[in-house]
Amino acid sequence: MEAAAAPWWIWPLVLFAVTFGLGIVAVLAAASPGLLRGGLASLRLAMPLALVGSITSIGGALLGLALPVATVQTALGVTILAIAVLMWSARKSEHPEVASPDALGTALRMHGVFHDPASGKDIEWKVHRTPAAFVAFGGIGVLAGMFGLGAGWANVPVFNLMMGVPLKLSVGTSGFLLSVVDTSAAWIYINRGAVLPMLVAPSIIGVMLGARIGVRLLRVAPAAMVRRLVIILLLVAGARALLKGLGVWN
Amino acid sequence: MQGPDERLVYARWLDWGTRIGLGVLAAAFFAYAFALVEPLVPLQELATVWSLPLERYLAITGAPTGWGWLASIRKGESLCLLGIALLALVTVMCYLRNGISALGSGERLQAGIALVQVVVLLVAASGVLTGGN
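For the record, the sequence lines run as chains A and B.
If you count by my numbering, then the first sequence holds residues 867 to 1116, one letter each, in order.
If you count by my numbering, then the second sequence holds residues -18 to 114, one letter each, in order.
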């Protein structure tokens, strides 16, 4: 459908519907109150990493505005697909084992007990490879800013596979962290005049309402199902971005 | 400071902030989309300009940059940006609350992280950083 040929009101309506669905499965930024209340997100885990991510996301947003759209889309697609392969090949990622926490993670109090309502179990968690995670979140921040806030998927593998955080807590904390990192990058786009309210407003409203349902689903969904869902969404999002970048999907 | 109490306080602030921001945004968008307020760009012409490169879009429509939208707050687009800006400022308020609380309980490292984050967000919001083309 050509943008110019379709009535203008079609696009905000479609965006609202799509982002409502995305919000349900993606548990994005708007879900943070529910995530925190339900113990599905950890403040002490998110805050230091969000700080690094938000600083680099500003740089990424400045860079993104200066790069050709096709290049940005192609790079995003390749990145997301690589992450999907990483998630798929990982074993026992629902509840990773961390033999000994590192000093930085301990100093920042990145540990706790996560209650999984789906299994009814309390899972004690701690982290390792925290310095590497800081570097990774710095890179994710650049991507998040560069790709117009679309690189949040990378958070989950870093929390889960690199740091050893339980998968559901990783998904929830990623949602919380996105609300901070993406806010930094969003200001750059707003200040540049690059925000189209007719498209952005229904997207925000849709994703925020959808995410409220998403938090409830995250609470009750088994961790194995969450893992499969994350991988599927990564594959779809990665393929779409790559095809758009290569000009196959317009 | 990062125990259940602070987590719940943060959640409460975030919840109320996002409710207010979302309410303003939804009302603004309703007024904008149903032509209850005058738009900057006529709605029928939107689809012909929204795929243009940013610089051309700004040149053709005269859309404001920086905080310039505040000067045209009666326009539908600017009202929506007000809602978006309110939502973006919620995180600042939550972090400020969290940082002050941590400072009060002597947790300097956590307070420092929270307050530096506030500075980063305010710098981003200020419009000082607007590179790229």
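Glycine is no exception: its CB is placed at the ideal position from the N, C-alpha and C atoms.
**OP:** Express the C-alpha separation of LEU970/A and ALA895/A in angstroms, rounding to a whole number.
**Re:** The count along the first sequence starts at 1 and reaches residue 895/A at position 29. The count along the first sequence starts at 1 and reaches residue 970/A at position 104. For ALA895/A, the predicted structure reports a pLDDT of 44, less than 50, and the residue's modelled location is therefore unreliable. A value from the coordinates is still provided. Roughly 26 Å between the two C-alpha positions.
**OP:** Assuming LEU24/B and SER53/B form a contact by the criterion Cβ under 8 Å, report the distance between their Cβ atoms to the nearest whole angstrom.
**Re:** Counting from 1 along the second sequence, the entry for residue 24/B is found at position 43. Counting from 1 along the second sequence, the entry for residue 53/B is found at position 72. Their Cβ separation, rounded to whole angstroms, is 16 Å, which puts LEU24/B and SER53/B out of contact at 8 Å.
Subject >> Opening and closing residue of the beta strand (DSSP E) in which TRP991/A lies >> reply: For this step, residue 991/A is matched to residue 125 along the first sequence. Here the beta strand (DSSP E) through TRP991/A covers 987 to 992.
Original post:
Hey, how far is the Cα of LEU35/B from the Cα of GLY1059/A?
Top reply: As a first step, residue 35/B must be located in the second sequence, where it is residue number 54. As a first step, residue 1059/A must be located in the first sequence, where it is residue number 193. Approximately 8 Å, taken between the alpha carbons.
**OP:** Using the DSSP secondary-structure output, state which residues sit across from ALA1003/A in a beta bridge.
**Re:** Position 137 of the first sequence holds residue 1003/A. It should be pointed out that residue 1003/A corresponds to Phe in this sequence rather than to Ala. PHE1003/A is not bridged to any residue.
Original post:
Just reading off the beta strand (DSSP E) that GLY978/A is part of, what are its end residues?
Top reply: In the first sequence, the residue the question calls residue 978/A occupies position 112. Taken as a continuous stretch (DSSP letters only), the beta strand (DSSP E) holding GLY978/A covers 977 to 982.
**OP:** Measure the alpha-carbon distance for PHE10/B versus TRP(-6)/B and round it to whole angstroms.
**Re:** Reading the second sequence from its first residue, position 29 is the one you call residue 10/B. Reading the second sequence from its first residue, position 13 is the one you call residue -6/B. Between the alpha carbons of PHE10/B and TRP(-6)/B lies a distance of about 24 Å.
Original post:
VAL97/B versus chain A: which residues are under 7 Å apart at the beta carbon?
Top reply: Taking the first residue of the second sequence as position 1, residue 97/B is located at position 116. Those are LEU917, listed as they occur along chain A.
**OP:** Put VAL918/A into one of helix, strand or coil per three-state DSSP.
**Re:** What you label residue 918/A is simply residue 52 of the first sequence in a count that begins at 1. Of the three classes helix, strand and coil, the one that applies to VAL918/A here is helix, per DSSP.
**OP:** Say whether chain B places a C-beta atom closer than 9 Å to the C-beta of LEU894/A.
**Re:** Indexing the first sequence from 1 puts residue 894/A at position 28. Any reading at LEU894/A needs caution, since the residue's pLDDT is 42, under 50, leaving its predicted position unreliable; the model's value is listed next. Closer than 9 Å: no.
Subject >> Spatially closest choice to VAL1086/A from ALA1103/A, LEU1065/A, LEU974/A and GLY986/A, by CA coordinates >> reply: Counting from one through the first sequence, the residue named residue 1086/A turns up at place 220. Among ALA1103/A, LEU1065/A, LEU974/A and GLY986/A, the Cα nearest to that of VAL1086/A belongs to GLY986/A.
Subject >> Local conformation of LYS958/A per DSSP, three classes >> reply: Residue 958/A sits at position 92 when you count from the first residue of the first sequence. Note: LYS958/A maps to coil in three-state DSSP.
**OP:** Can you tell me which of ALA95/B, ALA83/B, LYS56/B and ASP(-14)/B puts its alpha carbon nearest to the alpha carbon of ALA912/A?
**Re:** For this step, residue 912/A is matched to residue 46 along the first sequence. That would be ALA95/B, whose Cα lies nearest to the Cα of ALA912/A.
Subject >> Distance, MET1091/A Cα to LEU1101/A Cα >> reply: Here residue 1101/A corresponds to residue number 235 of the first sequence, with the count starting at 1. Here residue 1091/A corresponds to residue number 225 of the first sequence, with the count starting at 1. Each residue's alpha carbon lies about 15 Å from the other.
Original post:
Hey, is PRO1088/A's beta-carbon within less than 9 Å of any beta-carbon in chain B?
Top reply: Taking the first residue of the first sequence as position 1, residue 1088/A is located at position 222. For PRO1088/A, the answer is no, since every Cβ of chain B falls outside 9 Å of its Cβ.
Original post:
On the three-state DSSP scale, how would you describe VAL109/B?
Top reply: Position 128 of the second sequence holds residue 109/B. Correct three-state label for VAL109/B: coil.
Subject >> Residue-chain proximity (PRO962/A, chain B), Cβ-Cβ < 9 Å >> reply: Here residue 962/A refers to the residue found at position 96 of the first sequence. No, PRO962/A lies away from the interface with chain B (no Cβ there is under 9 Å from its Cβ).
Original post:
Quick one: any contact between the region 932 to 943 of chain A and the region 1102 to 1111 of chain A, if contact means 3 or more CB pairs under 8 Å?
Top reply: yes
Original post:
GLY85/B touches chain A at which residues, Cβ-Cβ below 9 Å?
Top reply: For the purposes of this step, residue 85/B is identified with residue 104 of the second sequence, where counting begins at 1. Within 9 Å Cβ-Cβ: nothing; GLY85/B doesn't reach chain A, min ~16 Å.
Subject >> Buried/exposed call for LEU1084/A, threshold 16 Cβ in 10 Å >> reply: The count along the first sequence starts at 1 and reaches residue 1084/A at position 218. That one is buried.
Subject >> CB contact flag (ILE859/A, ALA83/B, <9 Å) >> reply: The question about residue 859/A has no answer, for chain A in this structure spans 867 to 1116.
Original post:
Is the Cβ of GLY1134/A closer than 9 Å to any Cβ of chain B?
Top reply: Absent from the model: residue 1134/A. The displayed extent of chain A is 867 to 1116, so no value can be given.
Original post:
Can LEU915/A and TYR(-9)/B be called in contact, C-beta distance under 9 Å?
Top reply: Along the first sequence, one-based indexing puts residue 915/A at 49. Along the second sequence, one-based indexing puts residue -9/B at 10. Not closer than 9 Å, so no.
Original post:
For ALA927/A, which residues of its own chain have a beta-carbon under 6 Å away from its beta-carbon, when the five flanking residues on both sides are left out?
Top reply: In the first sequence, counting from the first residue as 1, residue 927/A sits at position 61. If we look at ALA927/A and ignore the five residues flanking it on each side, its Cβ neighbours are GLY1011, ALA1051 and ILE1054.
Subject >> Beta-carbon contacts of CYS75/B that lie in its chain and below 6 Å, excluding the five residues immediately before and after >> reply: For this step, residue 75/B is matched to residue 94 along the second sequence. These residues qualify, in order along the chain: TYR(-9), TRP(-6) and LEU(-5).
**OP:** Could you tell me if ARG(-12)/B is buried or exposed, where buried requires 16 or more neighbouring beta carbons within 10 angstroms of its beta carbon?
**Re:** The residue you call residue -12/B lines up with position 7 of the second sequence. Buried: at least 16 other Cβ atoms inside 10 Å.
Original post:
Can you round the beta-carbon distance between PRO856/A and GLY1030/A to whole angstroms, since I take them to be within the 8 Å contact cut?
Top reply: Residue 856/A lies beyond the range of chain A shown here (867 to 1116); nothing can be said about it.
Subject >> Proximity of HIS981/A and GLY905/A at Cβ, strictly below 9 Å >> reply: Here the question's residue 981/A lines up with position 115 in the first sequence. Here the question's residue 905/A lines up with position 39 in the first sequence. In this structure, GLY905/A lies closer than 9 Å to HIS981/A by Cβ.
Original post:
In chain B, which residues lie less than 8 Å from LEU1043/A when you measure between Cβ atoms?
Top reply: As a working note, residue 1043/A is residue 177 in the first sequence. Here the premise fails: no neighbours, minimum Cβ distance about 11 Å.
Original post:
Is the CB of ILE54/B under 9 Å away from at least one CB in chain A?
Top reply: As a working note, residue 54/B is residue 73 in the second sequence. Output row for ILE54/B: interface = no.
Original post:
So with Cβ pairs under 9 Å, would you call SER1040/A a contact of chain B?
Top reply: By one-based count along the first sequence, residue 1040/A stands at place 174. No, SER1040/A does not count as interfacial toward chain B.
Original post:
In terms of residues, what are the limits of the alpha helix (DSSP H) holding GLU36/B?
Top reply: For the purposes of this step, residue 36/B is taken as the residue at position 55 of the second sequence. 35 to 42 is the extent of the alpha helix (DSSP H) around GLU36/B.
Subject >> Local conformation of PRO1088/A per DSSP, three classes >> reply: Within the first sequence, numbered from 1, the residue matching residue 1088/A stands at position 222. Secondary structure at PRO1088/A: coil, using DSSP grouped into helix, strand and coil.
**OP:** Measure the Cβ-Cβ separation of ALA1077/A and LEU1033/A and say whether it is below 9 Å.
**Re:** Taking the first residue of the first sequence as 1, we reach residue 1077/A at position 211. Taking the first residue of the first sequence as 1, we reach residue 1033/A at position 167. Taking 9 Å as the Cβ cut-off, ALA1077/A and LEU1033/A do not qualify as a contacting pair.
Subject >> Per-residue burial, GLU19/B [other beta carbons within 10 Å of its own, 16 or more giving buried] >> reply: Within the second sequence, residue 19/B is the residue found at index 38, counting from 1. With fewer than 16 other Cβ atoms within 10 Å, it is exposed.
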